[in-house]
């Protein structure tokens, strides 16, 4: 009887605890697609693979959810101390004024970030003038080992994607890989 009493007491205590959890917005297959895409880019520069972190994904999802609550749903970087890449996509809009969420895959986003490689000069550790390459350099930051992502659909059917990385990369004055 005492074991049952203990279990019931523990269940009651646990049931009363608040839960601060952002539901993951990616299926296991989409998580694998994100990790595989990153690792494909990382393999081009011979650095270790990334692994999915549910904890980091929860943080990324919470931040994506907070961004969608902004009036204009525009991306802005968080202050988590993690590495971060953001992707915003407008809705598909039709001539009758209606709109819907644009169909975008994780591979498209990862390849968009990876495509910045053409604008990164490893010898000088700089981006081409007027170009962005920080998403790419974060993807291939050699000491980064974990990734987690979240996404949210905004009231206007635009969408925001957030990927966080640990440890963070893009440290000024350091090269992403050897």
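Residue numbers (the numbering used here): 976 to 1153.
We treat Cβ as the ideally placed atom computed from N, Cα and C, and that holds for glycine.
Take residue 1035, set aside five residues on each side of it, and the residues of its chain with a beta-carbon closer than 7 Å to its own are 1123, 1124, 1125, 1137, 1138 and 1139, in chain order.
Annotation: residue 1002 to residue 1128 spans about 16 Å, alpha carbon to alpha carbon. Of all C-beta pairs linking the segment 1062 to 1078 to the segment 1098 to 1108, fewer than three are shorter than 8 Å, placing the two stretches out of contact. Judged by DSSP secondary structure, residue 1004 falls within the alpha helix (DSSP H) whose first and last residues are 1003 to 1018. For residue 1073, the closest alpha carbon among the candidates 1143, 1062, 1132 and 1006 is that of 1132. A distance of 8 Å or more separates the beta carbons of residue 1120 and residue 1151.
Comparing alpha-carbon positions, the option among 1005, 1004, 1007 and 1014 lying closest to residue 1114 turns out to be 1014.
One thing to note: residue 1141 has its Cβ within 8 Å of the Cβ of residue 1057. In summary, residue 1081 is buried, with 16 or more beta-carbon neighbours lying within 10 Å of its beta-carbon over all protein chains present.
Counting only residues of its own chain and dropping the five nearest sequence neighbours on each side, residue 1050 has a CB closer than 7 Å to the CB of 1042, 1061, 1063 and 1135.
The three-state reading of DSSP puts residue 1043 in helix, counting H, G and I together. Around the beta carbon of residue 1028, 16 or more other beta carbons sit within 10 angstroms, so the residue counts as buried.
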